[in-house]
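Trainee: Just so you know, we're using full-length UniProt numbering here: the sequence shown kicks off at 1 and counts up by one.
Cβ atoms here follow ideal geometry from the backbone N, Cα and C, with glycine treated the same way.
Got a structure for you, questions after.
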Amino acid sequence: MKLSTKGRYGLRAMIDLALYSEKEPASIASIAARQHISESYLEQLIAKLRKAGLVTSVRGACGGYVPGRPVEEISVGDVLRALEGNLDPVECPGIQNSSGCDGSDVCVTKYVWQRINDSINRTVDEIKLSELLEESRAVQKKSQIPGSCCEKKE
Numbered sequence: 001m002k003l004s005t006k007g008r009y010g011l012r013a014m015i016d017l018a019l020y021s022e023k024e025p026a027s028i029a030s031i032a033a034r035q036h037i038s039e040s041y042l043e044q045l046i047a048k049l050r051k052a053g054l055v056t057s058v059r060g061a062c063g064g065y066v067p068g069r070p071v072e073e074i075s076v077g078d079v080l081r082a083l084e085g086n087l088d089p090v091e092c093p094g095i096q097n098s099s100g101c102d103g104s105d106v107c108v109t110k111y112v113w114q115r116i117n118d119s120i121n122r123t124v125d126e127i128k129l130s131e132l133l134e135e136s137r138a139v140q141k142k143s144q145i146p147g148s149c150c151e152k153k154e
């Protein structure tokens, strides 16, 4: 399974949003600047996250975005699925017992694919945004440099 920039940048944006919107809504421009993501690309990601209910917009002069639910209730899986779609690395028609696979009755590899799919989904669903927020605070406190682990050092 390989995540696209949508998933990677979107997760970074969600962590940033959770971290910097505690006192006031975070603007796309501020998130984009801190995370080194183009504003136009970030707008596309935020639109998908908003549609999934993970982000809420706040109108007005000090408007911006805030998490759509408590960060303890938002999983990494929620974010990645909103941006990437299904996270199963193997699509096997035999897993769903559909008629799309003639050898489903005798195929044992479908159990391997199902376990891989389940493992990935379980892992991303167990990691909550609140955990990443605390980790981000700890890293920032330690380094005294706000920002992302994925930024290029100059």
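Under 9 Å, Cβ to Cβ, is there at least one residue of chain D near residue 86?
Mentor: The displayed structure is made up of one protein chain only, and chain D is not part of it.
Trainee: Since residue 9 sits in a beta bridge, which residues does DSSP pair it with?
Mentor: Note: residue 9 sits in no beta bridge, so no partner.
Trainee: Counting along the chain, where does the beta strand (DSSP E) carrying residue 77 start and finish?
Mentor: Taken as a continuous stretch (DSSP letters only), residue 77 belongs to no beta strand (DSSP E), being part of the alpha helix (DSSP H) at 76-84.
Trainee: In terms of residues, what are the limits of the alpha helix (DSSP H) holding residue 108?
Mentor: Run containing residue 108: none; DSSP gives neither H nor E here.
Trainee: Taking just the CA atoms, how far does residue 107 sit from residue 31?
Mentor: Distance between the alpha carbons of residue 31 and residue 107: 48 Å.
Trainee: What does the alpha-carbon distance come out to for the pair residue 71 and residue 81?
Mentor: Near 16 Å, if we compare the C-alpha coordinates of residue 81 and residue 71.
Trainee: Does the segment 122-137 come close enough to the segment 14-22 to have 3 or more Cβ pairs within less than 8 Å?
Mentor: These segments touch.
Trainee: When DSSP builds the beta bridges, which residues end up paired with residue 65?
Mentor: Bridge partners of residue 65: 26 and 57.
Trainee: Within 10 angstroms of its Cβ, does residue 92 collect 16 or more other Cβ (buried), or is it exposed?
Mentor: Result: buried.
Trainee: Does the distance from the CB of residue 49 to the CB of residue 76 come in under 9 Å?
Mentor: Their beta carbons are not under 9 Å apart, which means residue 49 does not touch residue 76 by this criterion.
Trainee: Please name the residue, chosen from 136, 34 and 83, that lies closest to residue 3 on a Cα-to-Cα basis.
Mentor: Residue 3 has its Cα closest to that of 83, out of 136, 34 and 83.
Trainee: Residues in its own chain within less than 6 Å of residue 27 by CB, not counting five upstream and five downstream?
Mentor: Here the set comprises 64.
Trainee: Compare the beta carbon distance of residue 88 and residue 127 with 9 Å and say whether it is the shorter of the two.
Mentor: The answer is no: Cβ separation not under 9 Å.
Trainee: So the alpha helix (DSSP H) residue 44 belongs to, where does it begin and stop?
Mentor: Residue 44 -> alpha helix (DSSP H) spans 39-51.
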